[in-house]
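Have a look at the structure below, then the notes.
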Amino acid sequence: MARVHSTGAVVTLLNLFATALGLAHVPSCRYIPGDIGWPTQNDWARLNKTVGGRLIATNPQAHVCHTPGVDQAACDALRSRFHFEEAPPSFVTRLNLTITEWDNAPTYVDKPAEMINAYWQNQSCDPFAHTSRPCVLGNYPVYSINVSNADDVVAGMQFARKQNIRLSVHNTGHDYNGRSSGQGSLSLWTHNLQTKEIIRQYRSRVYSGPAVKLGAGVHAGVALQYVAQQGYRLVTGECGTVGVAGGYSMGGGHSPLNSLYGMAADNVLEWEVVTGEGKHIVATPDKNADIYWAMTGGGGGTYGVALSMTTRIHADGPVVGPVLSFTSPNVGNETYWAAVGAFLKRLPAMIQGTPNSIQFSFWNNQFAALVVIPDQTNTSVADALLAPLLGDLKTIGMPYSLSVSQSKSYADYYNTWYGPLPFGYEPPSTTLNSRLVPARVAADDKARPKLIDAMKLTTQDGQFLVGCSAGDANRTPHPDNAVLPAWRESVAICNLNAFWNWTAPIEHNLGIKRAMVDVYAPAWDAATPGSGVYLNEIDPWYKGDFKVNMFGANYPRLLDIKHKYDPYHLFYGHHSVGSDEFTIDGAGRLCYSGR
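Written out as structure tokens, the structure reads:
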């Protein structure tokens, strides 16, 4: 048979397929390893030949820490990277977070099947689970195609359909909801689609100006560096590992630049995509407009496989960056939360109708905020913006610390607080849930106390950090797209973050997840009626109505478009459009149950 590449040392596939039950498939279900209908080695060899030898057998990098065949030296090398000896000067580390390299970009961004979310790693394929536990594939794909062109995508789709196996789409591994992986799946790995091209004068009916074409595998931090070197900035998030031409922009894309330029999705000009029918098309507001609309805010991995995206870029310029912080030890809890409440009350006035953004985080006794005032050089703008809030803090009796930085460009500002570019050291939280905070709730003296109660509840035991990004996604005109309408009424998105304890028993981590979805998330939902969540930053156990909270009034139209462009039901993602038409059976098979 033709050689199939492995991601690491060879591990007997029978060991990796330890969960297979050897059952014939249920007709509506995709085959998994061990089923009678699972593709033969000859089938895989033919696929490997079709895609030019770029079929990769999944071998999780932490298999060296598990039976059979423990490689103690290699395992120790992985474990030795557990703690950083010196923390970088980023926002996260200035808040004294403990950072592990296993959480960070080098362990997953360039690997075909690795992912950031420990929940999907089976609690076995990491360096910290006991060596006696075998490393089973579980939620990892069985094989990945290292996609280099549209033909590779079509070949993968045709193979998955013919062989009745699950298909997944994976670009960067920055995925909290497990949408880019799946038990028994063939993965389309788009990481190496690395096109980067500045278009100085893009012209269309809807826009004339500079743009950049980015391959689906380009990370946000890499894209930001690239355009900055040529005098531009683009809308990216706080984490450099997201796929800017993938799930990030397809899901909406929040950013410190939202007030200035809108959501990432609002800036997208065109998609190059292979649809579920196997057609290679370009989608714009004027051509294939329905799938353009759906992919621009309606979620990734649902309607087709993106090969590239063309999006607006903007002239870079200076940034004034105030940093405000305060703590409770010297004043008591009541004063601390009164100060947080004062901040929330002033937040809409500091954000709405302005180009400013504020990233703020807090525990039960510590608060810090980064303010982005773009295209300004005089620090007096910070004084004017913050004066009402600082007056409130003085009246409340809350001491605070304030410093103001000046950066010659947004890229420099980003590099200081979220870098070093391209990926930075900000660890992705593996237990996370989000909620959009409407401006009316923050400003209303009757509604705001309920929100503060939810904040107190979430942070009371010190397990959770709440991190928020405040911006006005409705300030600039935005195109018609599938971005959740609640974004346009929100003043901030807040994430509930708890960091995975790799060395604790799994029940410890799952207990934290249960508290989040059973207690804390419902409190936030109740405090923000009629709002929603960010579909890219949601826990897989989230119990709210995903159709209402993630897609809103757009859902029926999105579902129609999915049915049109994915007639063979190839694309499935947890909490994605159409996901309730599928179930997972007891052995892990993906089963299509119908409309």
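With mature numbering (1 follows the signal peptide of the UniProt record, and there is no 0) applied, the sequence shown covers -22 to -1, 1 to 573.
By construction, the Cβ of each residue, glycine as well, lies at the ideal position given by its N, Cα and C atoms.
Check                                                                                                                : Outcome
Three-pair Cβ contact test at 8 angstroms for the segment 152 to 166 versus the segment 554 to 573                   : yes
8 angstroms Cβ cutoff met for Val301 and Ser385                                                                      : no
Local Cβ density within 10 Å of Glu248, reported as buried at 16 or more and exposed below that                      : buried
Length at least 3, wholly inside the segment 405 to 458: the beta strand (DSSP E) runs in chain order                : 409 to 416 and 443 to 448
Nearest-angstrom Cβ-Cβ length linking Gly156 and Trp98, presumed shorter than 8 angstroms                            : 5 angstroms
Beta-carbon proximity check, Pro333 vs Ala417, cutoff 8 angstroms                                                    : no
Proximity below 8 angstroms, CB of Arg453 to CB of Leu322                                                            : no
Cys53 in three-state terms, based on DSSP                                                                            : helix
Identified DSSP bridge partners for Lys191                                                                           : Glu175 and Thr288
Contact check, Gly241 vs Trp465, beta carbons under 8 angstroms                                                      : Residue 241 is actually Met in this sequence, not Gly. Cβ atoms of Met241 and Trp465: closer than 8 angstroms.
Residues near Tyr570 by beta carbon distance below 6 angstroms, same chain, minus five either side                   : Ser6, His547 and Phe560
Unbroken beta strand (DSSP E) run spanning Ser381, endpoints                                                         : Ser379 to Ser385
Residue from Thr408, Gln203, Phe304 and Gly530 whose Cα sits closest to the Cα of Gly508                             : Gly530
Within the segment 284 to 340, ranges of the alpha helix (DSSP H) (whole runs, at least 4 residues)                  : 311 to 329
Contacting residues, own chain, Cβ-Cβ under 6 angstroms from Ala360 (five flanking each side not counted)            : Val298, Pro300 and Val382
Separation of Lys521 from Ile496, as counted between CA atoms                                                        : Per the sequence shown, residue 496 should be read as Asp rather than Ile. The straight-line gap from Cα to Cα measures roughly 8 angstroms.
Between the CA atoms of Ala194 and Asp558 - distance to the nearest angstrom                                         : 27 angstroms
Stretch-stretch touch, CB-based, cutoff 8 angstroms, three pairs: the segment 207 to 223 with the segment 486 to 496 : no
Pair within 8 angstroms by beta-carbon distance, Thr262 and Tyr270                                                   : yes
Inter-residue spacing [alpha-carbon to alpha-carbon] between Leu371 and Ser146                                       : 50 angstroms
Opening and closing residue of the alpha helix (DSSP H) in which His258 lies                                         : Run containing His258: none in the alpha helix (DSSP H); it sits in the beta strand (DSSP E), His258 to Ala261.
Integer-rounded CB distance, given that Thr313 should sit under 8 angstroms from Ile374                              : 6 angstroms
Under 8 angstroms between C-beta atoms of Tyr512 and Gly230                                                          : yes
Own chain residues within Cβ distance below 8 angstroms of Ser186, not counting five before or after                 : Gln179 and Tyr180
Where the beta strand (DSSP E) through residue 605 begins and ends                                                   : What the structure shows of the chain is the stretch from -22 to 573, and residue 605 is not part of that stretch, so it cannot be assessed.
Collapsed DSSP secondary structure at Thr394 in the structure displayed                                              : helix
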